[in-house]
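Please read the structure below before turning to the comments.
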Amino acid sequence: MAANENLPPNVIKQLAKELRNLNETPPEGIKVIVNDDDFSTIYADIEGPAGTPYENGIFRMKLLLSHDFPQSPPKGYFMTKVFHPNIATNGEICVNTLKKDWNPSLGLWHVLTVIRCLLIEPFPESALNEQAGKMLLEDYEEYARHARLYTGIHALKPKFKPEIGAKSESTTARNADQKDAVCSSKALLPPTPLTVQDQNVVVVVSAAEPSVRAAASQRKEGVVAVKANMDKKRIDARKKSLRRL
Numbered sequence: 000m001a002a003n004e005n006l007p008p009n010v011i012k013q014l015a016k017e018l019r020n021l022n023e024t025p026p027e028g029i030k031v032i033v034n035d036d037d038f039s040t041i042y043a044d045i046e047g048p049a050g051t052p053y054e055n056g057i058f059r060m061k062l063l064l065s066h067d068f069p070q071s072p073p074k075g076y077f078m079t080k081v082f083h084p085n086i087a088t089n090g091e092i093c094v095n096t097l098k099k100d101w102n103p104s105l106g107l108w109h110v111l112t113v114i115r116c117l118l119i120e121p122f123p124e125s126a127l128n129e130q131a132g133k134m135l136l137e138d139y140e141e142y143a144r145h146a147r148l149y150t151g152i153h154a155l156k157p158k159f160k161p162e163i164g165a166k167s168e169s170t171t172a173r174n175a176d177q178k179d180a181v182c183s184s185k186a187l188l189p190p191t192p193l194t195v196q197d198q199n200v201v202v203v204v205s206a207a208e209p210s211v212r213a214a215a216s217q218r219k220e221g222v223v224a225v226k227a228n229m230d231k232k233r234i235d236a237r238k239k240s241l242r243r244l
């Protein structure tokens with residue numbers, strides 16, 4: 000907490016409240032990195048606004064608060080290299096909100112929002128980077144090309160690429176799950192059915208159902224009795240035929 004001791008207690012209390020709010024509901028396109036041990040340096044990641052040469056970029060910046068803050072404005076620096084009229088080659092930010100237009104009642108939310116707006120609408124008249132300012136006024140396409148080049152080299156968002164090992168592990172886990180599902184479904188299948196057979200009837204019976212087996216046995220006995228009765232009738236018919244002869 001040594002760094003916070005350089006700030007008055009009332010300022011620390013106000014900053015703690017502001018930083019909590021920024022962390023819970025940050026300004027659009029801005030993520031604040033909070034360090035509870037040091038409120039005198041505030042970091043933020045700013046997304047390049049869509050439709051600008053800074054689109055698809057993430058720009059890390061910091062605000063340095065002096066011991067007499069908020070009577071004096073913070074100093075702003077871009078830590079990510081950026082080609083912009085109002086951002087010097089050392090990262091220093093030139094914006095009126097942090098200079099002549101500073102007001103102690105302005106909060107960090109307002110300061111960060113104004114800095115992001117610089118990426119949307121630069122002010123070449125108050126340029127810290129004279130090359131970028133001149134290029135913006137004389138040849139916007141060339142300026143935009145330079146800005147996009149810097150963004151692509153220094154600030155491009157990392158694209159998600161799944162690791163091969165992680166993918167293999169995921170695939171293995173998925174295959175294992177499928178194997179378990181197959182094994183589970185096999186466990187639910189009934190045992191291999193038994194076959195009861197005679198000359199005229201084939202009855203399939205599950206070994207897991209004794210009552211069905213008993214019924215099949217009775218059915219077989221009935222079939223045998225019917226067959227014997229039919230054989231007896233055929234023999235009687237033959238005897239009658241022989242008598243007629």
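Counting along the sequence shown from 1, when you hit position 98 you're at 97 in this note's numbering, and nothing is skipped either side. Heads up, the beta-carbon is just placed ideally off N, CA and C, and yes, glycines get one too.
Expected contact under 8 Å - CB spacing of residue i and residue j to nearest Å
i    : j   : result
V110 : L97 : 7 Å
G106 : E17 : 6 Å
L64  : F38 : 7 Å
L6   : H66 : 6 Å
Spatial neighbours of residue i in its chain, beta-carbon cut-off 6 Å, leaving aside the 5 residues before and after
i    : result
P251 : Missing from the structure shown is residue 251; the chain here goes from 0 to 244 and no further.
H145 : F82
E54  : G47
S184 : At S184, the pLDDT of 41 sits below 50, so the modelled position is not reliable and the matter cannot be decided from this model.
E129 : none
Check whether residue i and residue j have beta carbons under 9 Å apart
i    : j    : result
Y142 : P52  : yes
I57  : G47  : yes
L118 : P84  : no
F122 : V94  : yes
M60  : G90  : yes
H153 : T79  : yes
K30  : A49  : no
G132 : E140 : no
8 Å Cβ shell around residue i - same chain, five flanking residues per side excluded
i    : result
P26  : W108, L111, T112, R115
M134 : E141, Y142, H145
Buried versus exposed, by CB contacts within 10 Å (16 or more), residue i
i   : result
L14 : buried
K12 : exposed
T40 : exposed
P8  : exposed
G75 : buried
L62 : buried
Contacting residues, own chain, Cβ-Cβ under 7 Å from residue i (five flanking each side not counted)
i    : result
L155 : N55, G56
D35  : none
I86  : F77, I92, L127, N128
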